[in-house]
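Asker: Take this structure, written in structure tokens, and hold onto it; I'll ask about it next.
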Amino acid sequence: MSEFSMVHEKYVVTGTLQGDRTVILDESIPLAPMRVRLTVEALRAVKKRKSLDEFMAWLRARQEARGHVPMSDAEIDAYIQAERDSWDE
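Following this note's numbering, the numbering of the sequence shown begins with 1066 at its first residue and continues without gaps.
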């Protein structure tokens, strides 16, 4: 039997595995330097979602780049009125 008692404090944190087999933790844990057991789970990179403002700026830039000209207020009003007029037919 080992001369060390097993203390089962568990901390779940993320980190980055470096090329030299060093793990850099994203946050500190309240342990003194000691031997520990690690279980490594590879995390898939997740793309950060754009905010609404970022998305709208991205969309407008793409539309402008391809020459899209948005409808004017008058064109929108005429489109809506034509749609409403079609309901009565």
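We treat Cβ as the ideally placed atom computed from N, Cα and C, and that holds for glycine.
Keep in mind it's a predicted model, so treat the numbers as computed, not measured.
1) Could you say if the region 1116 to 1133 and the region 1092 to 1108 meet the contact criterion of at least three C-beta pairs nearer than 8 Å?
2) Determine the direct distance from the alpha carbon of K1112 to that of E1074, and round the result to whole angstroms.
3) When DSSP builds the beta bridges, which residues end up paired with T1081?
4) In angstroms with no decimal places, state the Cα-to-Cα distance between G1132 and P1095.
5) Measuring CB to CB, does V1078 end up less than 8 Å from D1091?
Answerer: Taking the coordinates as given:
1) Short answer: they don't touch.
2) Approximately 32 Å, taken between the alpha carbons.
3) Answer is I1089.
4) Using only the alpha carbons, I get a separation of about 57 Å.
5) Yes.
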